[in-house]
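Chains A and B are the protein sequences, given in the same order.
Quick note: the first sequence, position 23, residue 31 per the working numbering, numbers continuous.
Quick note: the second sequence, position 47, residue 55 per the working numbering, numbers continuous.
Below is one structure, written out as structure tokens; the observations come after it.
2 protein chains.
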Amino acid sequence: MKIKSTLCDCEVIHEETVAEVRVTMPELEDINMLADFFKILGDKTRVSIMLALDKRELCVCDLGALLNMTKSAISHQLKILKKANLVANRREGKVIFYSLKDQHIRDIVSQGLEHIGESDE
Amino acid sequence: MKIKSTLCDCEVIHEETVAEVRVTMPELEDINMLADFFKILGDKTRVSIMLALDKRELCVCDLGALLNMTKSAISHQLKILKKANLVANRREGKVIFYSLKDQHIRDIVSQGLEHIGESDE
DNA sequence: ATAATAGTTGAATAATTATTCAATTGTCAA
DNA sequence: TTGACAATTGAATAATTATTCAACTATTAT
């Protein structure tokens, strides 16, 4: 008896292959986390912030000047990055400095840069 | 004389730092490509497809069964992945098999998985 | 030819989201 | 305590986009 998928409007062609791949797939929750993680880097403002903070810690105002955006826009994105645990901040008087929290990110971002560098050719 | 950013509603606080970081930033076009690249992985359907194809080449129908989605939905996302040069396909009769195009992606995705694995704790 | 199945496509819908704007908070100096 | 400035916030707007639906193409077998 063929396994029939609820939504896919076809009989499963390569049952065994599908079954084999299925067991290797990460948990659904992990897949969602993975997608959410990439989604955060999938915005030019946020990835710019990450690239900038990769060099130095910067305050909101500096980031605004660097990216030519309002403090508000930057702040909104920083909040998202903070919630995702990608940046940390510290206050020094009126100024709040942001920095990268996870060294891991550097590698992922630079690998991403390598990738687009390759597909440039 | 202070550099005044057009949009950032403040004097630039740490001029020199901003200037230093600015020269290390990638080209704007590259940043956009980088963001677009991550954006593609930043969707649970697409990243699932990538994870699945990382194991084996699969046809549209198989992917639909695996992810419990319609062929149409899968096909739309495959088109995006193909346009981004992340997957290749070959026809065999009525069936079209998709596979990962770039080995590079494996590393990036698995590093992403490591990352979310760490922040789980 | 015709039917059946795999896959694609375009338009429509619904949901998500980045930026703007105005108002507010927090800190420091006068 | 008042003014100035860094930063945050919430609501509104505008743009993007994932999925659905229906119609279509391509290939094979009868």
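Note that beta-carbon positions come from the ideal geometry of N, C-alpha and C, so glycine has one too.
Counting only beta-carbon separations shorter than 8 Å, does A43 of chain A have a partner in chain B?
Against chain B, the CB of A43 of chain A has a partner CB under 8 Å away; the residue lies at that interface.
I48 of chain B beta carbon near the ligand COA (any heavy atom closer than 7 Å)
Ligands in the displayed structure: none, and consequently the ligand COA is not present.
Does the beta-carbon of S107 of chain B have 16 or more other beta-carbons within 10 angstroms, so that it is buried, or is it exposed?
exposed
According to DSSP, S107 of chain B sits in a beta bridge with which residue or residues?
For S107 of chain B, the beta-bridge partners assigned by DSSP are B:A96.
When the Cβ atoms of the segment 34-53 of chain A are set against those of the segment 82-99 of chain A, are three or more pairs found closer than 8 Å?
The segment 34-53 of chain A vs the segment 82-99 of chain A: in contact.
Taking the C-alpha atoms as reference points, what is the distance between G101 of chain A and V31 of chain B?
C-alpha separation (whole angstroms): 28 Å.
Answer with buried or exposed for H84 of chain B, where buried requires no fewer than 16 other C-beta atoms within 10 angstroms of its C-beta.
exposed
Residue range of the alpha helix (DSSP H) that G72 of chain B falls in?
68-75
H123 of chain A and I116 of chain B look like a contact to me (Cβ under 8 Å); what is the Cβ gap, rounded to whole Å?
Between I116 of chain B and H123 of chain A the Cβ distance is about 7 Å, and since that is below 8 Å, they are a contact.
For I21 of chain B and D70 of chain A, believed in contact at Cβ under 8 Å, the rounded distance
6 Å
Along chain B, in chain order, which residues have C-beta atoms closer than 9 Å to that of V95 of chain A?
What V95 of chain A touches in chain B: nothing, since even the nearest Cβ is about 13 Å away.
Using a 10 Å radius around the Cβ and a threshold of 16 neighbouring Cβ atoms, would you call G125 of chain B buried or exposed?
exposed
Through-space distance from R54 of chain B to L61 of chain B, alpha-carbon basis:
11 Å
Any residues in the segment 112-124 of chain B with a beta carbon nearer than 8 Å to a beta carbon of chain A? Which ones, in chain order?
H112, I113, D115, I116, V117, Q119, G120, L121, E122, H123, I124
Extent of the continuous alpha helix (DSSP H) run through R54 of chain A
52-61
Hey, G50 of chain A and G50 of chain B are a contact pair by Cβ (cut 8 Å); roughly how many whole angstroms apart?
Confirmed, about 4 Å.
Test: H84 of chain A CB closer than 8 Å to a CB of chain B
no
Would I104 of chain A count as contacting chain B if we go by Cβ distances under 8 Å?
no
Checking 8 Å against the spacing of the C-beta atoms, do F105 of chain A and L66 of chain A come in under that value?
By the CB criterion at 8 Å, F105 of chain A and L66 of chain A fall inside the cutoff.
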